[in-house]
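K.L.:
Next up is a structure, given as structure tokens.
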Amino acid sequence: MLERKIRVLVAKPGLDGHDRGAKVIGRALRDAGMEVVYTGLRQTPEQIAATTLQEDVDVLCLSILSGAHNTLFPRVTALLKENDVDDVLVIGGGVIPDEDIPFLKDHGIEAVFTPGTNTEDVVSFIKTNLKR
Amino acid sequence: MESFEQRLAQWDKNVVKSLAKRKERKETFYTTGGHAVNRLYTHKDIAEVDPLQDIGLPGEYPFTRGVQPTMYRGRLWTMRQYAGFATAEESNKRYKYLIEQGSMGLSVAFDLPTQIGFDSDNSLAEGEVGKVGVAIDSLRDMELLFDGIPLNQVSTSMTINAPAAVLLAMYIAVAEKQGVDSKELRGTIQNDILKEYMARGTYIFPPEPSMRLITNIFEYCAEAVPQWNTISISGYHIREAGCTAVQELAFTLADGIAYVEAAIKAGLSVDDFAPRLSFFFNAHNDLFEEVAKYRAARKLWAKIMKERFKAQDPKSMMLKFHTQTAGCSLTAQQPDNNIIRVAIQTLAAVLGGTQSLHTNSRDEAFALPTEASVRIALRTQQIVAYESGVADTVDPMAGSYYVEALTDTMLKQAEEYIARIDELGGAPKAIERGYMQQEIMDSAYRYQKDIEKGERVVVGVNQFRIDEEPPKGLLRVDPEVEVMQKQKLLELKEKRNSPAVATSLEALRIACSSEENLMPYILSAVRAYATLGEICGVMRDEFGEYIGTAIL
Amino acid sequence: MSKADDYVAGIIAGKARIAAKAISLVENGDSSAIEFLKALYPHTGKARIVGITGPPGAGKSTLTDKLAKLLRKKGKRVGIVAVDPTSPFTGGAILGDRIRMQELATDPGVFIRSMGTRGQLGGLARSTHSAVRVLDAYGSDFVFIETVGVGQSEVDIVQLADIVLLVTIPGMGDDIQVIKAGILEIGDIFCINKADMDGANRLAAELEMMLDLKGHFEGLRPPVVKTVASEDKGTAELLESLLFHLAEDENSGRLAERREKNLKTEMLRIMAKALENTVSRLTEQTGALENYSRQIMQGALDPFSASEKMLAQINNIQFRL
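Protein chains in written order, with our numbering: chain A, 25 to 156; chain B, 5 to 556; chain C, 1264 to 1584.
What follows is the structure, encoded as structure tokens:
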């Protein structure tokens, strides 16, 4: 039996080009032994949902810094639902005010990591909250 | 009599002896950028630095000490706060307020759809309209943005890159409507595409047509808008992406070299455009390292322009730069601490001889700044300018053994990077291969790991933490802005002369595949009220779109 | 119906999520994977398998993207398997090939899957073959396999694909050396990408010359095609050449020959793997490995005699794949 690897999609919806956080997280997840699919900037919710499905990832990390999270994050999770993808852990990161977090959690974003987050915390959150 | 060397040797011995009893705080000390820092610097550390050749005098080659002879004794740096949000009308109000408050220069922030050449009604723009800056869809919005602001009386800096030619054309067209000659216009467009590929991410077209647009602007402005700074070669965003101070310095100047080469290749003569080149650097926390960076940058650029490009005009050799304090150094935790960080960074920029400065607001790690925060940021500059005394003599850090040694080291390390980039075929080729992206990413990751291991202290983040309430009363952009902006666009499209729009866009399309300068074609399309998205759409069709690299 | 049959039914019905799950099943070495692959096999064989290999930075992903788009215009369904290296130190991987294929992501006629090599050498992952079969049964007319692209040792692709496209670019300095090192043997079509760069014509001439020297070819002589994939230049010609080559191979019986040859290799590989697994399982279980190594350390035996003894003890064993 081969070792089962955790597969993660790190995706940037929206138009901002600030991918430092997404890339640092991606690298930290790789260093934690995970397979990280990275799809670059300016991903539409449709592209993210399709990629999540085809790659059969365990985790979807969404990163956004432009302030469009309340529009775009829920759209991604709605598309996942539409496609019966219910076993993916969806987390978010970026410049996201605390007061927006309850709204995002209501829309299927299970954790939101804001600036100053330790990458180790993200790794252990993923490991303990996998849905399969 | 005892010599200095003998004394120093003895002192070293004594210190080493005392270390047995009492260790220093760390085995090795490093600057933020990763230079090992000596315990002590003396004149021996700068024995090879020549006071005339290497340091020189202010306003003279190699400009290490500054580009003007009197620096801030003559005129203070321009305090230029980057602002803009929501609609053109709202931003216009903010600019008028800033001008009333004595602001000398405007600095326009555009929203992301504008920066990527999409109109507000593009599906990709959803949720982004007016968020991080003002939304500009057509000349109509630009007219509203500068309504009642005489363009011959302000200098305007526009943070715009991939579609810079279009926004500049709109600015010129607004001036025409105001009856202002384009020769009177003063300001800057960022227009630096290479760092977009490397770090900032708001690119549209591939490198080749992008470089063409840039040299088209150089050429057009040399004649028609001679007082305009046609590019602001930016290290700021590269640093924000996580590189070190030396990498910021090296990659920025390597980009500068690429632009100069492109312009020369396009047939321009160096002294015709080089005086209009300007730079844009980051001011991070490590005070001395930052000061050394700016001094090394000036000296290195002067040398490059004189020796590599054979510039004759001293103005071509002067590296003039805008500075912004480091957004990436701000913490969401205990945000008031950011005021102090910004104050240190302000000092670094001023001691480094900046020509203009934007100070970040304390709350920018989690939202757009509130008016109160913006005021503190501006006051920080004013306190440094008027109360600290650091602006009263030219280049006060010169002669510091440490700063001079660091200036020299950083310059040499930057030269090594530039040599490596030359080997790879210059900045555009090196970027295509992902060389800089990998270097930046490696530094960013190391920085993050250092914080997590506690090897780098960030006050309030990995030490000196408190439990705190999340911030309240954050500035938010009304989602109605998007609706209004779409409505305006709809009305414009009904009212404008559609055949004229179509004709001008078709002329632009044809020009794209010729060797012609595109500026006049873009200007005609703008005058006919073709939208930004339409103009960029034609160029997207003709030039294709750039795809980033997946370097983590 | 068994779990395996469920999967197969879902895949044949074109359900993307089932196909994705099935690839994971195989990739993770799930206990039901072999049963599933057996059930899947009868539904495979329709797709044409195209290998795309070449050094890093040659533009393999961009080329795959453009070829896939051209095939979509012809109404063909496309599967893509993109392989990236797994870090030997952390076991993790960055799978970044999709970045150049994002417009295909939402096309229902395209399915893209990224894989890490997970310790496998030779430019592919162990389960690449199975993933290709899943996408074949899923209804793809063409399945592209983009190899890791580290250069020298990517010969596995030959044993999996119907046709191999070797992509190279001018100005790498060592491109000719790479070709000399045996890469010439694996390409059925040579693509010089970024052909707007200096040295493209020289590289093409050198390649043609080396093909002249080789003289003998099992099928058609490999054509040398120049492209600028990022600008979609030459890609239509490349596809034409690819389709022509495939059609010729099919008509001449060479395709069937190649597939048969590849099947032999595959079976040998399956058996070798089973033997390896069995040997290590048994010798560990019985303590024989432990036993003999101690004896060798004491100078009582040598590793060769010990191995002979252990192999001799393996009789009437039920091998497991």
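For every residue, glycine included, the Cβ atom is placed at its ideal position computed from N, Cα and C. Just so it is clear, the structure is predicted and the values come from calculations on it, not from any experiment.
1) When DSSP labels each residue in this structure, what does I193 of chain B get in the three-state scheme?
2) Please list, in chain order, the chain B residues whose beta carbon lies closer than 8 Å to that of I1357 of chain C.
3) Pull up the distance between the alpha-carbon of R28 of chain A and that of L1398 of chain C, whole angstroms please.
4) State the DSSP-derived secondary structure class of P1305 of chain C, mapped to helix, strand or coil.
5) Closest Cβ-Cβ distance between I551 of chain B and chain C: below 8 Å?
6) Can you give me the Cβ contacts of L355 of chain B inside the same chain, cut-off strictly under 7 Å, excluding the 5 residues immediately before and after it?
7) Go through the stretch 291–335 of chain B residue by residue and report every complete run of the beta strand (DSSP E) that reaches 3 residues or more, in order.
8) Mind pulling the chain B residues with CB within less than 8 Å of D92 of chain A?
9) At the level of alpha carbons, what is the spacing between K1496 of chain C and V1488 of chain C?
10) Given a limit of 7 Å on CB to CB distance, which residues of the stretch 328–345 of chain B reach chain A?
11) Select from C:R1557, C:R1280, C:G1562, C:L1584 the residue whose C-alpha is nearest the C-alpha of V1373 of chain C.
12) For the alpha helix (DSSP H) that Y1555 of chain C lies in, which residues bound it at each end?
13) Leaving out five residues before and five after Y76 of chain B in sequence, what residues of the same chain have Cβ atoms less than 6 Å from its Cβ?
14) When you compare only the Cα positions, how much space is there between L1216 of chain C and S148 of chain A?
15) Of the residues that make up the stretch 46–69 of chain A, which ones have a beta carbon closer than 8 Å to any beta carbon in chain C?
16) Skipping 5 residues on each side, what residues in its chain have a beta carbon closer than 7 Å to that of H1306 of chain C?
17) For G1379 of chain C, return the contacting residues in chain A, with the cut-off set at a CB-CB distance below 8 Å.
18) Does the Cβ-Cβ distance between G464 of chain B and D290 of chain B come in under 8 Å?
19) Contact between the stretch 67–87 of chain A and the stretch 33–40 of chain A is defined here as three or more beta-carbon pairs at a separation below 8 Å; is this criterion met?
20) Rounded to whole angstroms, what's the CA-CA distance from V542 of chain B to L509 of chain B? Just pull it up for me.
21) Measure the beta-carbon distance from A254 of chain B to N286 of chain B and round it to whole angstroms, keeping in mind my assumption that it falls under 8 Å.
22) Suppose the cutoff is 8 Å on Cβ atoms and the five residues either side in sequence are ignored; what does the same chain contact list for L1300 of chain C look like?
23) G1273 of chain C by DSSP, collapsed to three states: which one?
24) Would you mind reading off the limits of the beta strand (DSSP E) that contains V1406 of chain C?
25) Quick check: is the beta carbon of T75 of chain A nearer than 8 Å to any beta carbon in chain C?
26) Exposed or buried, what is T1327 of chain C when buried is set at 16 or more other beta-carbons lying within 10 Å of its beta-carbon?
27) On the premise that V114 of chain A lies in contact with G132 of chain A, defined as a C-beta separation below 8 Å, what is that separation, rounded to the nearest angstrom?
28) Looking only at C-alpha atoms, which of C:L1505, C:F1405, C:G1342, C:T1541 sits nearest to L1429 of chain C?
29) Does R437 of chain B come within less than 8 Å of chain C when only Cβ atoms are used?
30) Compute the Euclidean distance between the alpha carbons of A371 of chain B and P139 of chain A, then round it to the nearest angstrom.
31) Since V274 of chain B is in the alpha helix (DSSP H), which residue starts that stretch and which ends it?
32) When burial is assigned at 16 or more other CB atoms within 10 Å of the CB, is E443 of chain B buried or exposed?
33) So, at 7 Å on beta carbons, what are the nonlocal neighbours of A434 of chain B in its own chain, with the 5 sequence-adjacent residues on each side left out?
34) Got a sec: which bits of the stretch 535–548 of chain B sit with their beta carbon under 7 Å from any beta carbon on chain C, in order along the chain?
35) Just curious, the alpha helix (DSSP H) that C540 of chain B is in, first and last residue?
36) Evaluate K300 of chain B with the Cβ neighbour count: other Cβ atoms within 10 Å of its Cβ, from every protein chain shown; 16 or more gives buried, anything less gives exposed.
P.N.:
A quick look at the data gives this:
1) strand
2) A554, L556
3) 21 Å
4) helix
5) yes
6) V295, V394, P400, M401
7) 325–329
8) The sequence as given places Ala at residue 92 of chain A; Asp does not occur at that position. Result: E130, G131, E132, K135.
9) 11 Å
10) T335, A336, Q337
11) C:R1280
12) 1551–1560
13) A395
14) Residue 1216 of chain C is absent from the model: chain C starts at 1264 and stops at 1584.
15) G50, R51, L53, R54, D55, A56, G57, M58, E59, V60, V61, Y62, T63, G64, Q67, T68
16) V1271, I1275, A1400
17) K29, E59
18) no
19) yes
20) 7 Å
21) Not quite, the Cβ-Cβ distance comes to about 14 Å (not below 8 Å), so this is no contact.
22) V1289, S1393, R1396
23) helix
24) 1405–1409
25) yes
26) buried
27) 6 Å
28) C:L1505
29) yes
30) 12 Å
31) 274–277
32) buried
33) I425, L428, M440
34) G548
35) 536–547
36) For the record, residue 300 of chain B in the displayed sequence is Ala; it is not Lys. Label assigned to A300 of chain B: buried.
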